[in-house]
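Peer 1:
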Amino acid sequence: MELNVQDIAAWIEKSNEKMQANKEYLTTLDQEIGDGDHGINMVRGFQEAASKITKQDYTKPADVLKDTAIMLMSKVGGASGPLFGTAFLKLSMTVKGNDTIDFGTFANGLEESVNGIKQRGKATEGEKTLVDVWSKMADYFRREKDFDQDKIAEEAKNAMEQTIDMMATKGRAAYFKERSIGHVDPGSASSFYIFQALAEVIGR
Ligand code: ADP
Ligand code: MG
Ligand code: MG
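Plus 11 on top of the position in the sequence shown (first one is 1) and you've got this note's numbering.
Structure, rendered in structure tokens:
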């Protein structure tokens, strides 16, 4: 299967729906090991991205991804905006010019996303950040051959849950030191919703 421009637009719209539906939960997570604004940040960013996308007619997936990146980078106040923005920008750059995105190209795009997030946040795996979900997903896509709705959602959920036992060493949660252990990383939870949204688009 390949993802076309409608699929990519649906991915962003579904991600927005999930951020809206889980705003309180994301806020609660960020109250525990942060400043309590992650739900607000993600809702604002994805709302802006989704309304930009629905207002316009796109012919290429890369253009939807690029506008999403721009909205996330410019409308989210927190650390997470530029990081998620970078992820979507790198995906956009990888698929530039394509009418559809095949599995291998998506895998390459995710690899670029992870590299971009790591560079931007100066973070690596195991630091209890959204890197932990994106990196696990890039590894997963590298191993597999085709889009699988159930496996994508499951892999993202596992990656998110693996952040519980980690101690944060980047971002605001790092100030909590050992006390950051035992909580889900907020940015990993919102990343899970993004991949859950992707899985639903694949299954529709
Ligand atoms: P802020 O911390 O500025 O309030 P958010 O609450 O929106 O921003 O986002 C916090 C999330 O951002 C964290 O849960 C973590 O996943 C991610 N994050 C924070 N700093 C970094 C970093 N340096 N590298 C990667 N991800 C980070
Ligand atoms: Mg915060
Ligand atoms: Mg903040």
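All residues carry an ideal CB built from backbone N, CA and C; glycine is no exception.
#1: When the Cα atoms are used, what is the spatial distance from Lys139 to Arg190?
#2: Just to check my reading of the structure: Asp73 and Val106 have Cβ atoms closer than 8 Å, yes? What is that Cβ distance to the nearest angstrom?
#3: Just list the beta strand (DSSP E) runs in the segment 124-151, keeping only unbroken ones of 3 residues or longer that don't cross its boundaries, in chain order.
#4: What residues sit near ligand 3, counting only those whose C-beta is closer than 6 Å to one of its heavy atoms, in chain order?
#5: To the nearest angstrom, report how far apart Thr38 and Ala210 are at their CA atoms.
#6: Return no unless some Cβ of chain D is closer than 9 Å to the Cβ of Phe114.
#7: What are the start and end residues of the alpha helix (DSSP H) that includes Thr97?
#8: Once the 5 residues before and after Lys25 are set aside, which same chain residues still bring their CB inside 7 Å of it?
#9: When you measure from the CB of Asn27 to every non-hydrogen atom of ligand 1, does any distance come out below 8 Å?
#10: Between the Cα of Gly193 and the Cα atoms of Met177, Phe114, Asn33, which residue gives the shortest distance?
#11: Going by beta carbon distance, what residues of the same chain come within less than 6 Å of Leu76, once the five residues before and after it are set aside?
#12: Would you mind stating whether Ile64 and Ala20 have Cβ atoms separated by less than 9 Å?
#13: Please list, in chain order, all residues of the same chain as Thr116 whose beta carbon is under 8 Å from its beta carbon, the five residues on each side excluded.
#14: So is Ser85 buried or exposed if we call it buried at 16+ other beta carbons inside 10 Å?
#15: Could you say which of Asn169, Glu166, Ala134, Ala164 lies nearest to Arg263 if we only look at CA atoms?
#16: On a Cα-Cα basis, can you pick out the residue from Asp78, Ile205, Ile175, Lys71 that is closest to Val16?
#17: Does the beta-carbon distance from Ser114 to Lys162 come in below 9 Å?
#18: Quick one: what's Ile64 bridged to in DSSP?
#19: In chain order, what residues of the same chain lie with their CB nearer than 8 Å to the CB of Glu166, ignoring the 5 residues before and after it?
Peer 2: Let me spell this out:
#1: Each residue's Cα considered, the two are about 12 Å apart.
#2: Note on residue identity: the sequence assigns Ala, not Asp, to residue 73. That pair is a contact at about 5 Å.
#3: The DSSP assignment places no complete beta strand (DSSP E) segment of no fewer than 3 residues inside the segment 124-151.
#4: Taking each Cβ in turn, the ones that pass are Asp46, Asp48, Gly89.
#5: Whole-angstrom Cα-Cα distance: 24 Å.
#6: The structure shown contains no chain D, having only a single protein chain.
#7: It spans 91-105 - the alpha helix (DSSP H) in which Thr97 sits, taken as one unbroken run.
#8: Annotation for Lys25: Ala208, Glu211, Val212 place their beta carbon closer than 7 Å to its own, counting only its chain and skipping 5 residues before and after.
#9: It does not: the Cβ of Asn27 is nowhere closer than 8 Å to a heavy atom of ligand 1.
#10: Out of Met177, Phe114, Asn33, Met177 has the C-alpha closest to the C-alpha of Gly193.
#11: Apart from the 5 residues on each side of it in sequence, Leu76 sits with its Cβ closer than 6 Å to the Cβ of Phe99, Leu102, Ser103 in its chain, given in chain order.
#12: Yes, Cβ-Cβ distance for Ile64 and Ala20 is below 9 Å.
#13: Hits under 8 Å: Thr105, Val106, Asn109.
#14: By the neighbour-count rule (16 or more Cβ atoms within 10 Å), Ser85 is not buried but exposed.
#15: The requested residue 263 does not occur in the structure, where the chain is confined to residues 12 to 215.
#16: Looking from the CA of Val16, the closest CA among Asp78, Ile205, Ile175, Lys71 belongs to Lys71.
#17: The question names Ser, yet the displayed sequence has Phe at residue 114. Result no, Cβ atoms of Phe114 and Lys162 do not sit closer than 9 Å.
#18: In the DSSP assignment, Ile64 is bridged to no other residue.
#19: Cβ within range, chain order: Lys147, Met148, Tyr151, Phe206.
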